[in-house]
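Colleague: Below is the structure I would like to discuss, written out as structure tokens.
Numbering (this note's numbering), first residue to last: 12 to 128.
This is the structure:
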């Protein structure tokens, strides 16, 4: 059972409605989306490319909401506000480091679910 995302497995079960193959595909898709989020957010930070960050933020926003990754969604919003106000400065660097740790925890949790299927 998850301590960080206690509703995650329930949401996946609910959406898959007993279809084990769909459950597996859905869980793997969530995992892949989180990996892509980490990769592209990092690329945007390294390249100081706002467009890369905006694109991945918009792409994953529905998944984060649907599966209650509220901490990630809130952190993405915070990052957006920092970029809009101060750009890629020290404040965004601090945000980025905290955000990547959050994403890593989410990835680890979803990976455990993938491994259980």
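Just so you know, even glycine gets a beta-carbon here, dropped at the ideal spot from N, CA and C.
For residue 16, which of helix, strand or coil comes out of DSSP?
Modeller: If you number the chain shown from 1, residue 16 lands on position 5. Three-state result, residue 16: coil.
Colleague: Are at least three pairs of beta-carbons, each pair with one atom in the segment 26-39 and one in the segment 96-106, less than 8 Å apart?
Modeller: Output reads no: the segment 96-106 does not touch the segment 26-39.
Colleague: For the candidate residues 60, 115, 29 and 50, whose alpha-carbon lies nearest to that of residue 83?
Modeller: Position 72 of the chain shown, counted from the first residue, corresponds to residue 83. Nearest of 60, 115, 29 and 50 to residue 83, Cα basis: 115.
Colleague: Unbroken alpha helix (DSSP H) runs of length 4 or more, entirely within the segment 35-79: which are they?
Modeller: Listed in chain order, they are 61-77.
Colleague: Beta-carbon within less than 6 Å of residue 49's beta-carbon, same chain only, minus the 5 sequence neighbours each way: which residues are those?
Modeller: The residue you call residue 49 lines up with position 38 of the chain shown. 114.
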